[in-house]
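Everything below concerns the one structure shown next.
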Amino acid sequence: MLTASSRTSTIQRPTLASDELTHMSVALANQVKLMQSMKSVYQADQQVKLLNLQADVENLLQELQNIKQQQVTLENQEVAN
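Positions 33 to 113 (the numbering used here) are the ones given, in order, by the sequence shown.
Structural data, given as structure tokens:
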């Protein structure tokens with residue numbers, strides 16, 4: 033007699049581990065230091081663009097960290113229910 037086993041699968045979004053976020057933060061900090069040492073090479077308008085891009089990267093990293101925290105919170109709530 034053949035029996036069919038029922039399996040359920042869930043699709044999970046890839047999440048970044050906190051180690052990965054830490055690595056990204058360190059890499060960003062190193063990049064900022066490098067760019068700060070190179071600032072004098074660029075003209076003033078290029079320096080402004082560079083600073084704006086650095087601020088954008090920092091904002092995006094913060095958003096990524098916030099999203100990660102929201103995912104962890106949601107996962108914890110789902111486990112609790």
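Where a beta carbon is used, it is the ideal one built from N, C-alpha and C, also for glycine.
Minimum Cα-Cα distance from N84 among the listed residues Q103, L96, V64 corresponds to V64. Excluding residues up to 5 positions away in sequence, nothing lies with its Cβ nearer than 7 Å to the Cβ of A59 in the same chain. In the same chain as S69, and ignoring 5 residues on each side of it, no C-beta atom comes closer than 7 Å to its own.
Remark: C-beta atoms of Q97 and L53 approach each other more closely than 7 Å. Under the three-state reduction of DSSP output, N113 falls in the coil class, being neither helix nor strand.
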